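Student: My structure is below; once you've seen it, I'll send some questions.
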Amino acid sequence: MSRLSFRSVFISDVHLGYAGCKAPYLLDFLRSLRCERLYLVGDIVDFENMAKRPYWHASHAEVIAEILALAAQGTRVVYIPGNHDAALRRFAGTRVAGVEVALDAVHVGPDGRRYRVSHGDEYDGHGDAPRWLLRLGDVLQGFVCALNRRANALLRLFGLRYRPLSILLKTRIGTARRFIGDFERRVAAQAGADGFDGHICGHIHYANMHEHAGALYINDGDWVEHCTGLVEHHDGSFELLHWTERCLSLARSDAAAAPLPLPVAA
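Quick note on numbering: full-length UniProt numbering labels position 12 of the sequence shown as 12, and the sequence is numbered without any gaps.
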């Protein structure tokens with residue numbers, strides 16, 4: 001199969017080390033593309049989850065190997081850690097195995113337009129939230145992901161395609177819609193105030209692209225529920241790809257084999 005060619009690719013919220021990670025879909029995506037730049041926009045590895053519920057599957061290691069292979073082949077790979085892989089922020093300004101680590105980045109399109117790239121957790125408004133509320137949010141997110149896996153297992157039994165359950169919740173529940181809308185407006189408004197033409201981020205697991213107050217807001221989505229990534233074509237135009245729609249053959253292999261045991265320290 002001929003590879004898809006892009007100027008730039010942006011992915012975030014992969015959550016390697018979490019049972020809900022759709023690593024086979026991402027692996028297929030990475031093996032299907034050629035790009036000049038690959039931005040890893042945070043939460044690529046879920047250290048927070050691994051500290052509580054250790055999980056690691058062979059496909060997770062393969063994703064990392066494929067990213068390193070792209071870097072070795074000449075793709076500029078920039079890793080911008082998020083809140084679940086925040087431990088890597090201390091490596092900002094360094095290069096690890098050919099991968100640049102940065103707190104954020106400025107992406108310049110072929111037309112000269114400038115876009116700030118960051119994970120987005122700095123805009124979610126949780127800074128003053130009580131710790132119990134943040135824990136409750138994590139619990140609810142895990143519950144939705146688990147429910148999503150079970151619902152789609154039933155769909156596979158009937159030969160139906162993958163459907164992210166969370167997209168229904170996020171678009172039908174008023175509180176979720178307001179949270180997403182407020183987040184998008186904050187990000188776009190700050191981008192405009194800082195003199196950028198737009199902002200590319202992740203964090204909230206909701207892929208979207210629209211203009212607000214003269215600035216372009218783009219969220220590249222996630223690889224836990226929706227399997228979405230952002231691509232920049234060679235003419236500078238952006239497109240959100242929903243990989244499950246391009247990769248239906250992986251639906252039956254989504255329930256992977258038992259995970260590999262984590263190495264035990266001596």
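The C-beta atom is built at its ideal place from N, Cα and C for all residues, glycine as well.
This one's a predicted model, so the numbers in the text were calculated from it and none came from an experiment.
Below 6 Å CB to CB, which residues in the same chain sit around V108 once its five sequence neighbours on both sides are set aside?
Tutor: Excluding sequence neighbours, V108 sits near R114.
Student: Could you give the distance in angstroms between the alpha-carbon of D111 and the alpha-carbon of D235?
Tutor: Cα to Cα, D111 sits roughly 8 Å from D235.
Student: Between the Cα of I67 and those of L16, L241, E48, spot the shortest distance and give me the residue it belongs to.
Tutor: Ranking the options by Cα distance to I67, first place goes to L16.
Student: Count the other CB atoms, across all protein chains shown, that sit within 10 Å of the CB of K52; report buried if there are 16 or more and exposed otherwise.
Tutor: With fewer than 16 Cβ atoms within 10 Å of its Cβ, K52 is classed as exposed.
Student: Grab the span of the alpha helix (DSSP H) containing T244 for me, first residue to last.
Tutor: 243-246 is the span of the alpha helix (DSSP H), which, as asked, contains T244.
Student: Let's test the definition: count the other Cβ atoms within 10 Å of the Cβ of V96 and tell me whether it reaches 16, buried, or not, exposed.
Tutor: Exposed, since its Cβ has fewer than 16 Cβ neighbours within 10 Å.
Student: Which same chain residues, not among the five before or five after D85, have their C-beta less than 8 Å away from its C-beta?
Tutor: The residues are G42, D43, I44, V45, D46, F47.
Student: The beta strand (DSSP E) spanning V108 covers which residue range?
Tutor: Looking at the DSSP string, the run of the beta strand (DSSP E) that includes V108 is 105-108.
Student: Looking at the secondary structure, which residues open and close the alpha helix (DSSP H) in which I218 lies?
Tutor: Where I218 is concerned, there is no enclosing alpha helix (DSSP H), although the beta strand (DSSP E) it sits in stretches over 215-219.
Student: Should S237 go down as buried or exposed, given a rule of 16 or more other Cβ atoms within 10 Å for buried?
Tutor: S237 should be labelled exposed.
Student: Quick check: the Cα distance between W56 and G98, rounded to an integer number of angstroms?
Tutor: Roughly 23 Å separates the two Cα atoms.
Student: Thinking just about the alpha-carbon of each residue, which of Y25, Y39, V224, D13 is nearest to the one in E232?
Tutor: The candidate whose alpha carbon is nearest that of E232 is Y39.
Student: Enumerate in chain order the residues of its own chain whose CB-to-CB distance from G214 is below 8 Å, with the five nearest sequence positions on each side excluded.
Tutor: Hits under 8 Å: G192.
Student: Consult DSSP for N49 and reduce its assignment to one of helix, strand or coil.
Tutor: Note: N49 maps to helix in three-state DSSP.
Student: Can you give, in chain order, each stretch of the beta strand (DSSP E) that sits fully within the segment 33-98 and has at least 3 residues?
Tutor: Within the segment 33-98, the complete beta strand (DSSP E) runs of at least 3 residues are 33-40, 76-79.
Student: How about I218 and G198: are their beta carbons less than 9 Å apart?
Tutor: Going by C-beta atoms, I218 is nearer than 9 Å to G198.
Student: How many angstroms separate the CA atom of G20 from the CA atom of V224?
Tutor: The alpha-carbon atoms of G20 and V224 are separated by roughly 6 Å.
Student: How would you write the range of the beta strand (DSSP E) that R31 sits in, first residue to last?
Tutor: Unbroken run through R31 is the alpha helix (DSSP H), 23-31; no beta strand (DSSP E).
Student: Candidates R185, V77, F196, R3: which alpha carbon is nearest H212's?
Tutor: Among R185, V77, F196, R3, the Cα nearest to that of H212 is on R185.
Student: Within this structure, are the beta carbons of G82 and D13 separated by less than 9 Å?
Tutor: Yes.
Student: Straight-line CA distance for K22 to R89?
Tutor: Straight-line Cα distance between these residues: approximately 24 Å.
Student: Measuring straight from C-alpha to C-alpha, what distance separates F91 and A102?
Tutor: Rounded to the nearest angstrom, the two C-alpha atoms are 8 Å apart.
Student: Taking the alpha-carbon of H119 as reference, which of A207, P24, E36, T244 has the nearest alpha-carbon?
Tutor: Nearest C-alpha to H119: A207.
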